[in-house]
Each structure stands twice: as structure tokens, then as C-alpha cells.
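The structure under discussion appears below in the form of C-alpha cells.
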Amino acid sequence: MNTKAAEELPAVSVIMPVLNEERHLRTAVRRILDQEYPGPMEVVIALGPSTDRTAEIAAELVAEDPRVRTVENPTGRTPAGLNAAIRGSQYPIVVRVDGHGLLTPGYIATAVRLLGEMDAANVGGIMHAEGETEWENAVAAAMTSKIGVGNAAFHTGGLAGPADTVYLGVFRREVLEKLGGYNEEFIRAQDWELNYRIRQDGGLVWFTPQLKVTYRPRPSVRALAKQYKDYGRWRRVVTRYHRGSVNLRYLAPPSALLAVVLGLVLGAAVHPAFLAVPGAYLLGILGGAVVEGRGLSFRAKALLPVAFATMHLSWGFGFITSPRSLARRVMRSVAPTSKDVLSKAS
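In this text, residue positions in the sequence shown follow UniProt numbering: the first is 1, and each later residue adds one.
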């Protein structure tokens, strides 16, 4: 691309909230810097209080490339880190990337082009899970399967078009400033909540399979269970905070959990016939593993039903047990509807 064309491209700020990301941070930042986007670009890393070498690696990245700098995120919470990075950035296009997300080639250029072509407020694509261990490979297969995550296009793919939400996102700064950025009360589900406000404000959230980010799954059953329990817990908060935002897909995991638990209890206390319900669920995830496990090693395929059950039941448990007090606390907070959240000095 010639110099004049490059000068016409909008400048891009890539924001990254990180906490204990020593395993992936250097690779994630390298994928950003290797994008070959002809316009001006900066990378702003919001550093949480990590207990590993994340801060040291970030300092090395800052010393190696003038486009990289850091801001502090004392709470370590993702939405607070995102807002801190937005405040510490300067350019009109804001690209969100997580510390364990790896951009594919051409991601930024394609996103910037689509923002203009579609007159969108936010564009995003697919959360393409890829593992590095047998367990992570099983989780990746579950996270890219309709059996594992339903019909969410940003997990499983689909046709380009308007969407409720997208993975990460590439935003117009003016939209973020108008809406006050991320609601920092939402420890999880902050993407969905922000995209809901964007849509309520009349903005377009655009999904395209052209945009893909490689995602590294959680490395253990325990970590995956906590992740999905938190997802369910905070999605329930969203449905209470934004009345009318509930989706039937969100009710599937809690329904499955209740059916399994009731089947086991009634099967033991009343009649064995009730065990047919948890039995049907077990057969369903075993059959799903056969279908979705094609191409996996034997061990990863054997772990796939465990990944399915962990995701479904943990999400359902988090949704069912999400306390009303948590939603009330969020509702009492100052709604981020002005520039104040993003106008504080970094």
C-alpha cells in the first residue's frame, strides 16, 4: 500500500487487560505488531497485580517496541483494565485483545474496513479455540461445537450479519466515549452488556467469520468449571439488569442441571425410572463426543464428554445460584452513560 493510502487509514489503539498471562502475553503482542496494518498503531497493556512474570514480560515488550506501553489496573478486574487502557490510548479505532488471544493475519485491516463499509459501532468475529494439551484440545472442540455452546456464531461460525454480541470487538472510540465504556461492575459478561447498550442506542454490532482470534482454553477441569460458573453467574446479572435481554439459549444449561439433579434424586428416592433423565444427558454428551471428536486423539476424545459436562453444568449452576444481591449492587452503581468513566487521567 502506498504512503498516501496508509495516511488515510484511521489510527488504531489495541487495548489488552492482562493478569497472570506470562504463558501467552509475548506471543499475543507479537501477533498484534505483526499485523502489517499500514496506519498508525499503538498497544496499551493494562497491568493487573499478577503473581507471575507478566509485568516483567510487559516491560520487556515496552523496551523492544515504542508502539507498546503499559497502564496500571490495580484491581486486576477485566472491565476496569479495559477502561484504563482506553483512557491511556489516543486513537479513533479501539481494538480489544486479551492476553491469551492471538490475532490472525489481516485481522485489524479487515475490521477497520468493515467498520466503514457497514457503518458499524463494533465489529468482531470468531473465538477460535485451539489447545496445546490433550485436555485443552478437548475443551477447544467443545467450545467450537453447538453441543457445547449452542448456536452462538462467535463460537461456532456462521454468516456475516448483525449480532447480539461478538468476541472481543473493534470499536469506534466515539461510541465507547458516548456510552462510558465498559461497566466496571460486570466482572464477567462485560462484552455482552456493552454490546446490549450499543444496540439499545441504535448502533450496529456486526459479526463476520472473516475475523478470527485464536483462543487458548483453560488448562484444567477446575479452571474451566470456575470460568463457566462465572459466565452463568454474570449472565444472570445481565438479564436482571437489562430486562428483556434473556435468551432461550441461556436457559438450556440451568434446565439441564436441574433435570439431571432431579432425575438422580427422584431415581434414588422414588423410582429408578427417573434415572432415565440423567442417563439421556450422559448418552447425549457421549454421542456428541463421537460426532465432535473427529480428528482428536483418543485421549482428547475421551476427555470431551468431561469438557461438555463441565461447561454445561458449571454455567447452569452459576446461573441458578447467582444472588439477587449481586444484581442489586450493580443496579445501585452509577450507570456508565457519560464520558466520565473514560475521561479520568490515567
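No residue lacks a Cβ here, since even glycine has one placed at the ideal position from N, Cα and C.
Asked, Found
"Supposed contact pair residue 187 and residue 85 - C-beta distance, whole angstroms, cut 8 Å", "That belief does not hold up - the Cβ atoms of residue 85 and residue 187 are roughly 17 Å apart, past 8 Å."
"Nonlocal neighbours in the same chain, by C-beta distance under 6 Å from residue 19, ignoring five residues either side", "48, 50, 76"
"Alpha-carbon to alpha-carbon, residue 126 and residue 330", "29 Å"
"Buried versus exposed, by CB contacts within 10 Å (16 or more), residue 298", "exposed"
"Of the listed residues 25, 135, 121, nearest to residue 302 (C-alpha basis)", "135"
"Bridge partner(s) assigned by DSSP for residue 206", "123, 162"
"Residue from 195, 101, 238 with nearest C-alpha to residue 212", "101"
"Neighbour-count burial assignment, residue 98, 16 or more Cβ in a 10 Å radius", "buried"
"Nearest neighbour of residue 309, chosen from 82, 253, 196 [CA to CA]", "253"
"Reduced DSSP secondary structure (H/G/I, E/B, other) of residue 10", "coil"
"As assigned by DSSP and simplified to three states, the class of residue 169", "strand"
"Limits of the unbroken beta strand (DSSP E) element including residue 46", "41-47"
"Cβ pair residue 222, residue 318 closer than 8 Å", "no"
"For residue 54 and residue 8, the rounded distance between their alpha carbons", "35 Å"
"Rounded separation between residue 279 and residue 138 - CA only", "22 Å"
"Residue 78, buried or exposed, once every other Cβ within 10 Å from all chains shown has been counted against 16", "buried"
"Test item: CB-CB of residue 326 and residue 237 under 8 Å", "yes"
"Close-in-space but distant-in-sequence residues of the same chain around residue 249 (CB under 6 Å, 5 per side omitted)", "150"
"Rounded C-alpha distance that separates residue 285 from residue 36", "42 Å"
"Alpha carbon of residue 4 to alpha carbon of residue 115, nearest angstrom", "With a pLDDT of 48 at residue 4, under the threshold of 50, the predicted position of this residue should be treated as unreliable, and no value is reported."
"Close Cβ partners of residue 161 (< 7 Å) along its chain, the five nearest in sequence each way excluded", "207"
"Rounded C-alpha distance that separates residue 242 from residue 166", "18 Å"
"Coil, strand or helix - residue 144 by DSSP", "coil"
"Which listed residue (56, 275, 141) has its alpha carbon closest to that of residue 294", "141"
"Any chain B beta carbon closer than 8 Å to residue 287", "Of the chains in the structure shown, none is chain B; there is only one protein chain."
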